[in-house]
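**Student:** The sequence shown begins at 1 in the working numbering and counts up by one. Each residue gets a CB set at the ideal place from its N, CA and C atoms; glycine is no exception.
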Amino acid sequence: MAGAVTACRALCRVDEIPERGARGFPAPPGRLIGLFAIKGGGMVRVFVNSCPHLGLPLEPVPDRFLDRKGEMIVCSAHGARFRVEDGLCVSGPCLGEALEVVAAEVVDGVVTVPAAAGA
Ligand code: FES
Numbered sequence: 001m002a003g004a005v006t007a008c009r010a011l012c013r014v015d016e017i018p019e020r021g022a023r024g025f026p027a028p029p030g031r032l033i034g035l036f037a038i039k040g041g042g043m044v045r046v047f048v049n050s051c052p053h054l055g056l057p058l059e060p061v062p063d064r065f066l067d068r069k070g071e072m073i074v075c076s077a078h079g080a081r082f083r084v085e086d087g088l089c090v091s092g093p094c095l096g097e098a099l100e101v102v103a104a105e106v107v108d109g110v111v112t113v114p115a116a117a118g119a
């Protein structure tokens, strides 16, 4: 019996995300909420771009998801701060909640996520 085929979406080449930086991506077709990727420490992590506080996108301008030091994800609406390693909110109005993590992998240098990732 053949395994299930999972449709994937290529976001960008991994080298198109700055080291200790971030990049946003639009919602997939038919969806409203996009994604963003954080690169650092040899890893790329992808999250749904929706704050657990009110569901708003996090960035004030394109690709600005991190604080000045590049250490924390920040929601521009009300200042919630999230860990880059798992999206857990450590301060702000959604303390203890977390960003939705997307299962991402780098395939031949391309950041790839499930096609339906987003909301
Ligand atoms: S919507 Fe993100 S902190 Fe309020």
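Can you check DSSP and say which residues form a bridge with residue 37?
**Tutor:** 23 and 46
**Student:** Determine the closest residue to residue 45 out of 115, 100, 108 and 116, with distance taken between C-alpha atoms.
**Tutor:** Of the candidates 115, 100, 108 and 116, the one whose C-alpha sits nearest the C-alpha of residue 45 is 100.
**Student:** Identify whether residue 14 lies in helix, strand or coil by the three-state DSSP scheme.
**Tutor:** helix
**Student:** Give a yes or no on whether the C-beta atoms belonging to residue 67 and residue 61 are separated by under 7 angstroms.
**Tutor:** no
**Student:** Using the Cα positions of residue 34 and residue 104, report the straight-line distance between them to the nearest angstrom.
**Tutor:** Their Cα atoms are separated by approximately 14 angstroms.
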